[in-house]
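Numbering (the UniProt record's numbering), first residue to last: 1 to 430.
We put the CB at the ideal spot given by N, CA and C, even for glycine.
All values reported here derive from a predicted model rather than from experimental measurement.
Below: one structure, written as structure tokens.
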Amino acid sequence: MRYEAISKELFINNRKRLIKELKEQSIVVVNANDIQPTNSDGSMRFRQNSDLFYLTGIDQEETILVLCPGFPDKKYREVLLIRETNETIATWEGHKYTKEEARAASGIETVLWTSEFYKLLNTMMVMGDTQNAYLNTNDHYRADVVVETREMRFVKWCMEKYPLHNYERLAPIMHHLRSIKSIHEIEAMQKACNITEAAFRRILKFVKPGIAEYEVEAEFIHEFIRQRSRGFAYEPIIASGADSCVLHYIDNSKVCKDGDILLLDVGAEYANYNADMTRTIPVNGKFTKRQKEVYNAVLRVQREAMKILKAGVVYFDYHKEVQKITEAELIKLKLIDKTDVKNQHPDKPLFAKYFMHGTGHQLGLDVHDVGNMYHKMQVGQVWTVEPGIYIKEEGLGIRIENNVVITKTGLKDLMKNIPIEAEEIEDLMN
1 MRYEAISKEL
11 FINNRKRLIK
21 ELKEQSIVVV
31 NANDIQPTNS
41 DGSMRFRQNS
51 DLFYLTGIDQ
61 EETILVLCPG
71 FPDKKYREVL
81 LIRETNETIA
91 TWEGHKYTKE
101 EARAASGIET
111 VLWTSEFYKL
121 LNTMMVMGDT
131 QNAYLNTNDH
141 YRADVVVETR
151 EMRFVKWCME
161 KYPLHNYERL
171 APIMHHLRSI
181 KSIHEIEAMQ
191 KACNITEAAF
201 RRILKFVKPG
211 IAEYEVEAEF
221 IHEFIRQRSR
231 GFAYEPIIAS
241 GADSCVLHYI
251 DNSKVCKDGD
261 ILLLDVGAEY
271 ANYNADMTRT
281 IPVNGKFTKR
291 QKEVYNAVLR
301 VQREAMKILK
311 AGVVYFDYHK
321 EVQKITEAEL
331 IKLKLIDKTD
341 VKNQHPDKPL
351 FAKYFMHGTG
361 HQLGLDVHDV
371 GNMYHKMQVG
381 QVWTVEPGIY
391 IKEEGLGIRI
401 ENNVVITKTG
411 LKDLMKNIPI
421 EAEEIEDLMN
């Protein structure tokens, strides 16, 4: 693997936390993701199932985790199954985990080959006094699953093979556990943010009129990979001019023009953990008066938002407060009128023309990480803070985004060293 290995203590502790949440006489099965095809014999780069990585640290296809904490033979209460390699696989695909390496990475003593899974499962389901089977599905509230996953195929097979067992959803437990980050996780996310910072500082010296958006994208990916990241945490948004008002613009094909701004929504991945940064910069190195007015308005909103974001707050209440703060800034910018705001329909607020997305989301192994938005925020969660103002009639969109950890004493900003003040950005570009 390209990144530095995370301590196995993280994965050992994660499994202990999960086991505490299970009913007695239970089994847990978590499968690796499929390698997704493209066309002909092509395939996408493998991305591990986030839950499996969280519990094992194993970053390899065809991996299975089985937990059966009440099984009579203690040797089989935690079992990791990995792909058995051979000379042909080694020749064509390279090195795969040995049992010793998998044991060292995960902290799981019993490591078997994946080919032994069904025999093992049958023993545990039939002879282990097992009553409850916790199976995994993608229960993210924004998930739109079109292709049947390995997990879903297994759910169908298992329920048909063992119809009289009680089946439980693993996802709600995993969402709760993964929402609270450990020290090891925050360290990995800080590394992803640091890599993102290095790339952004490089970009500030690179951007000028006549540069294409895809050239900026190339600078980012070069710096990311150079620093042991596998690349972008998500499809990068490199949006100049009017496209800065397109929230998910990913074409990145235009030429950056003198006098325009350039919105950069990018983040590095590191050890499967993610950064998610947005900065907006002037193409020619100098904000116009109007651009700076809007930029500073968004920056003020972000700072006020960070004062509200804390443990015990519900996201939707927090977001409503940020909307009110944004509304006040829009009045100052003369984009909406104070009198009209007083008379606006509550279901059709005027600010929505200029600020139409959420203030943030949880971040971790997934960019839009798991966690219940209706639950109160908790210490240890990592959130993005990303207000924006988008003025289509002016071809001007400004968004600023940082990643913060909720602590007992306030927020820890993982991006505190990334240039954010308009004047600092200008100084670094000139």
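task = Compute the Euclidean distance between the alpha carbons of residue 366 and residue 50, then round it to the nearest angstrom.
result = 7 Å
message = DSSP three-state label for residue 339, please.
response = helix
inquiry  = Using the Cβ count rule (16 or more neighbours within 10 Å means buried), how would you classify residue 173?
reply    = buried
key: Nearest residue (CA-CA) to residue 28, options 139, 164, 124, 372   = 124
ask   = Skipping 5 residues on each side, what residues in its chain have a beta carbon closer than 6 Å to that of residue 384?
value = 276, 360, 361, 363, 401, 403
key: residue 3 - DSSP class collapsed to helix/strand/coil   = coil
Spatial distance of residue 192 from residue 340 (CA atoms) = 44 Å
key: Contact check, residue 90 vs residue 61, beta carbons under 7 Å   = no
ask   = Which word fits residue 130, buried or exposed, when buried means at least 16 other C-beta atoms lie within 10 angstroms of its C-beta?
value = buried
message = Quick check on this structure: which residue in 250, 274, 238, 84 has the alpha carbon closest to the alpha carbon of residue 260?
response = 238
Run of the beta strand (DSSP E) containing residue 279, from where it starts to where it stops = 277 to 282
request  = Measure the C-alpha to C-alpha separation of residue 407 and residue 417 and round it to an integer number of angstroms.
outcome  = 19 Å
task = Look at the alpha carbon of residue 212 and the alpha carbon of residue 253, and state the distance between them as a whole number of angstroms.
result = 7 Å
request  = Can you tell me the Cβ-Cβ gap for residue 6 and residue 140, rounded? I've got them flagged as a contact below 8 Å.
outcome  = Not quite, the Cβ-Cβ distance comes to about 23 Å (not below 8 Å), so this is no contact.
inquiry  = I'd like to know if the stretch 37 to 50 and the stretch 14 to 22 are in contact, where contact means that at least 3 CB-CB pairs between them fall below 8 Å.
reply    = no
ask   = Which residue comes first and which comes last in the beta strand (DSSP E) that contains residue 123?
value = It is not in any beta strand (DSSP E) - residue 123 instead sits in the alpha helix (DSSP H) that spans 117 to 127.
query = Under a Cβ-count criterion, where at least 16 other Cβ atoms within 10 Å of its own Cβ denotes burial, should residue 181 be classed as buried or exposed?
reply = buried
ask   = Can we say the stretch 216 to 228 touches the stretch 299 to 318, given the rule of at least three CB pairs closer than 8 Å?
value = no
ask   = Tell me, which residues are paired with residue 401 by DSSP?
value = 278
message = To test your reading of the DSSP string, which unbroken beta strand (DSSP E) runs of 3 or more residues are found completely within the stretch 265 to 319?
response = 268 to 270, 277 to 282
ask   = For residue 284, does the count of other Cβ atoms within 10 angstroms reach 16, so buried, or fall short, so exposed?
value = buried
message = With distance defined between alpha-carbon atoms, name the residue in 381, 356, 73 nearest to residue 368.
response = 381
task = Give me the Cα-Cα distance between residue 70 and residue 24, rounded to the nearest whole angstrom.
result = 7 Å
query = Fully enclosed by the stretch 121 to 193, which alpha helix (DSSP H) runs are 4 residues long or longer?
reply = 150 to 161, 171 to 179
key: Buried versus exposed, by CB contacts within 10 Å (16 or more), residue 175   = buried
ask   = When the Cβ atoms of the stretch 421 to 430 are set against those of the stretch 267 to 282, are three or more pairs found closer than 8 Å?
value = yes
request  = Between the Cα of residue 118 and those of 146, 77, 161, spot the shortest distance and give me the residue it belongs to.
outcome  = 161
request  = Using only alpha-carbon positions, find the residue among 170, 332, 166 that is nearest to residue 152.
outcome  = 170
7 Å Cβ cutoff met for residue 11 and residue 42 = no
inquiry  = Using CA atoms only, rank isn't needed, just tell me which of 55, 266, 288, 165 is closest to residue 26.
reply    = 165
message = I'd like to confirm the pairing. Which residues does DSSP put opposite residue 383 in its beta bridges?
response = 362, 404
Residue 370 and residue 178 closer than 7 Å at C-beta = yes
ask   = Under a Cβ-count criterion, where at least 16 other Cβ atoms within 10 Å of its own Cβ denotes burial, should residue 36 be classed as buried or exposed?
value = exposed
inquiry  = Starting from residue 54, trace the alpha helix (DSSP H) in both directions and tell me its first and last residue.
reply    = 50 to 56
message = I'd like to confirm the pairing. Which residues does DSSP put opposite residue 244 in its beta bridges?
response = Bridge partners of residue 244: none, in fact.
key: For residue 272, the nearest candidate out of 324, 233, 430 (CA to CA)   = 233
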